[in-house]
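A quick write-up on the structure given underneath.
This is the structure we're talking about:
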């Protein structure tokens, strides 16, 4: 009887071992998945910071790396023009020809909300405050002495990103402007600055 009981215990213990191993593997897999998602979220948020830094520090090569080779841009709430597909270099040139002509800009990104996160795609909504500024000296040179020399836009970006290798890039960039302060005319001054001076 003791031998039978001993055999029964041995069988029960041996059958439990694979289950325990399976549970450990499942827990390790879940932990690894959480780490991968946390890393992806961090990398996606960093793209928005590189976007801002590229413009404000005039690091245009860095700015260009934020986008896929071809990307859809919807800035209709700012410009009134419909969404369009451009290469990253074409978009970089457009932004540089406007923002690069201000004496200073400051794009503040915050409150990132990431959704639809998959292995190679995600959506990120980011709050934005974008300041654009000319010195009074520049305003005088442009023939607008005494006028308000700044404009600030507030709103959010809705970016759809994909992962290329280990790098996340924006495949669709949509700007929604919700409020404006200051002198919006300075955008036209910036566009014409090269010819005005």
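Residue numbers (this note's numbering): 527 to 723.
Glycine included, C-beta positions come from ideal geometry on N, C-alpha and C.
Only a predicted model underlies this, so the values are computations on that prediction, with no experimental measurement involved.
| Check | Outcome |
| --- | --- |
| Contact under 7 Å by Cβ, residue 687 with residue 581 | no |
| Enclosing beta strand (DSSP E) for residue 678 [first to last residue] | 676 to 690 |
| Rounded Cβ spacing between residue 682 and residue 702 (contact assumed at less than 8 Å) | 5 Å |
| Three-state class that DSSP yields for residue 591 in the structure shown | coil |
| Own chain, CB closer than 7 Å to residue 719, minus 5 neighbours either side, in chain order | 627 and 668 |
| Closest by C-alpha distance to residue 670, when choosing among 651, 560 and 709 | 709 |
| Alpha-carbon to alpha-carbon, residue 552 and residue 595 | 38 Å |
| Residue 659 beta carbon less than 7 Å from that of residue 629 | yes |
| Three-state class that DSSP yields for residue 724 in the structure shown | A question about residue 724 goes unanswered here, because the residues of the chain that appear run from 527 up to 723. |
| Sub-7 Å separation of residue 684 and residue 651 beta-carbons | yes |
| Any non-hydrogen atom of the ligand GDP within 6 Å of residue 697 CB | Looking for the ligand GDP in the displayed structure turns up nothing, as the structure carries no ligands at all. |
| C-beta atoms of residue 625 and residue 631 nearer than 7 Å | yes |
| Under 7 Å between C-beta atoms of residue 600 and residue 700 | yes |
| Neighbour-count burial assignment, residue 609, 16 or more Cβ in a 10 Å radius | exposed |
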